[in-house]
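**Student:** FYI, the numbering for the sequence shown is 63 to 196, going by this note's numbering.
Please read through the structure below; I'll follow up with questions.
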Amino acid sequence: MSAAVVLTEAIRAALTAHRPLSDQLAGVFDAPPVRAATPHAVIGEALLSDWSTKDMAGREARVVVSLHDAGESPARLRRLLGELETAVAAMPRAIGGGWELASRVLLRARIERKGEGRWVATSEWRLRMLKSGI
63 MSAAVVLTEA IRAALTAHRP LSDQLAGVFD APPVRAATPH AVIGEALLSD
113 WSTKDMAGRE ARVVVSLHDA GESPARLRRL LGELETAVAA MPRAIGGGWE
163 LASRVLLRAR IERKGEGRWV ATSEWRLRML KSGI
């Protein structure tokens with residue numbers, strides 16, 4: 063499997079395994095759903111670049127995870143965003159396919175109003191991964 067597929071599945075697994083988050087979400091998607099109840103999460107496509115060493119394949123990934131909600135205020139979304147950060151921070155080092163996380167850094171997070179009673183929180187991460195044996 064490609065690094066992007068492995069990483070997306072690892073993020074999905076982390077979000078669904080973190081009960082304080084998953085118990086409140088209607089779903090976790092890897093593309094914007096046509097119809098979905100709120101709140102829900104969308105894992106964006108990873109932007110990958112080479113991060114290899116002499117003897118290990120490596121990738122640096124930039125991934126945006128968005129949380130979508132509806133309501134008069136973003137209060138619930140603020141709590142969910144905190145839980146999302148906890149879930150990603152708790153991801154195991156080994157994520158599958160021989161890939162291991164070397165680091166994960168939250169680059170930025172924000173909440174925006176998207177129309178009448180619609181809110182979107184975005185959380186952008188830099189994840190560095192290594193795979194032994196080029």
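Positions of the beta carbon are idealized from the N, C-alpha and C atoms, including for glycine.
Starting from Thr125, follow the beta strand (DSSP E) in both directions and report where the run begins and ends.
**Tutor:** Rather than Thr, the amino acid found at residue 125 in this sequence is Val. Note, Val125: beta strand (DSSP E), 118-132.
**Student:** From the DSSP output, read off the bridge partner residues of Gly158.
**Tutor:** Per DSSP, Trp161.
**Student:** Check whether the segment 165-175 and the segment 110-118 touch, using three or more Cβ-Cβ pairs below 8 Å as the test.
**Tutor:** No: the two stretches stay apart, fewer than three of their Cβ pairs being nearer than 8 Å.
**Student:** Using a Cβ-Cβ cutoff of less than 6 Å, which residues in the same chain neighbour Val126 once the five nearest sequence positions on both sides are dropped?
**Tutor:** Closer than 6 Å at the Cβ level, and outside the excluded window around Val126, lie Gly106, Thr184, Glu186.
**Student:** Considering Ala183, what are the terminal residues of the beta strand (DSSP E) in which it resides?
**Tutor:** Element bounds for Ala183: 180-194.
**Student:** Does the contact criterion of 3 or more C-beta pairs under 8 Å hold for the segment 68-79 versus the segment 150-167?
**Tutor:** Touching, yes, given that three or more Cβ pairs across the two stretches are closer than 8 Å.
**Student:** Taking only three categories from DSSP, how would you classify Ala29?
**Tutor:** Residue 29 lies beyond the range of the chain shown here (63 to 196); nothing can be said about it.
**Student:** For the alpha helix (DSSP H) holding Ala103, just list the boundary residues, first then last.
**Tutor:** No alpha helix (DSSP H) holds Ala103; the beta strand (DSSP E) holding it covers 102-105.
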